[in-house]
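Notes follow once the structure below has been shown.
Residue numbers (UniProt numbering): 1 to 153.
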């Protein structure tokens with residue numbers, strides 16, 4: 001179904017903040033005479049800051065808040081370290097019910113490869129295998145040089 005989204009993103013050398021509503025319209029589905037809302041409006045707020053630490057180490061705490069209504073929300077708290085401008089190592093907590101570990105490596109000037117793992121830390125931890133994610137990021141300058149510089153976000 002058709003929908004519309006809106007958002008903004010501000011990024012500086014040291015921090016970022018973003019707010020988005022990817023689906024502005026609630027999408028209703030008629031399934032055998034019963035109508036239900038299939039896609040509901042979600043609000044996302046994200047922010048992060050990069051701290052220069054000792055020598056070749058940087059620290060980036062970040063937060064992501066997803067809100068749908070008072071009973072449906074998620075809070076991600078993240079902490080990552082950047083070593084030698086090449087390797088990220090991080091951990092995350094979601095609603096204090098899931099823990100995650102992640103890593104990312106810069107390969108050359110434009111390619112980054114990453115892996116993330118999440119595992120519930122409540123009663124369901126022993127019944128599942130968690131979530132595994134692979135990431136490939138490619139920075140391409142399509143229309144000439146735009147001065148991407150160092151990108152931490």
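Glycine included, every Cβ here is placed at the ideal spot set by N, Cα and C.
Next item on the list: Could you pull out every unbroken beta strand (DSSP E) segment of at least 3 residues lying fully inside the stretch 81 to 141, listed in chain order?
Entry: The qualifying runs are 87 to 94, 98 to 107, 111 to 120, 131 to 138.
Margin query: Between the alpha carbons of residue 64 and residue 11, how many angstroms are there, rounded?
Written below: If you take the alpha carbons of residue 64 and residue 11, they lie about 15 Å apart.
Item checked: Closer than 9 Å to chain B by CB, residue 30 -> Looking for chain B here will not work: only one protein chain is present.
Note to self: My output table needs one value for residue 25: the three-state DSSP class, helix, strand or coil.
What the structure shows: In this structure, residue 25 counts as coil in the three-state DSSP scheme.
Next item on the list: May I ask you to report which of helix, strand or coil DSSP gives residue 51?
Entry: Here residue 51 sits in strand by DSSP.
Checklist line | Cut-off 7 Å between Cβ atoms - residues of its own chain near residue 25, not counting five sequence neighbours on either side | finding: Answer for residue 25: 3, 4, listed in chain order.
Notebook entry, point to check: For the 8 Å Cβ check, are there 3 or more pairs between the stretch 6 to 21 and the stretch 41 to 57?
Noted result: By the criterion of at least three beta-carbon pairs nearer than 8 Å, the stretch 6 to 21 is in contact with the stretch 41 to 57.
Notebook entry, point to check: Taking the alpha carbon of residue 71 as the point to measure from, which residue in 9, 95, 77 has its own alpha carbon closest?
Noted result: The candidate whose alpha carbon is nearest that of residue 71 is 95.
Next item on the list: Spatial neighbours of residue 122 within its chain, please: CB distance less than 8 Å, with the 5 preceding and 5 following residues excluded, ordered by chain position.
Entry: Hits under 8 Å: 97.
Notebook entry, point to check: Terminal residues of the continuous beta strand (DSSP E) containing residue 62?
Noted result: Unbroken beta strand (DSSP E) run through residue 62: 57 to 69.
Notebook entry, point to check: What is the DSSP secondary structure of residue 72, reduced to helix, strand or coil?
Noted result: In the structure shown, the three-state DSSP call for residue 72 is strand.
Note to self: Applying the 10 Å Cβ sphere with the 16-neighbour rule, what's the burial state of residue 54?
What the structure shows: Classification for residue 54: exposed.
Item checked: Cβ separation of residue 131 and residue 115, assumed to be a contact under 8 Å, to the nearest whole Å -> The beta-carbon separation of residue 131 and residue 115, rounded to 11 Å, does not stay under the 8 Å limit for a contact.
Next item on the list: Label residue 56 either buried or exposed according to how many other C-beta atoms from any shown protein chain fall within 10 Å of its C-beta, with 16 as the threshold for buried.
Entry: So residue 56 counts as exposed.
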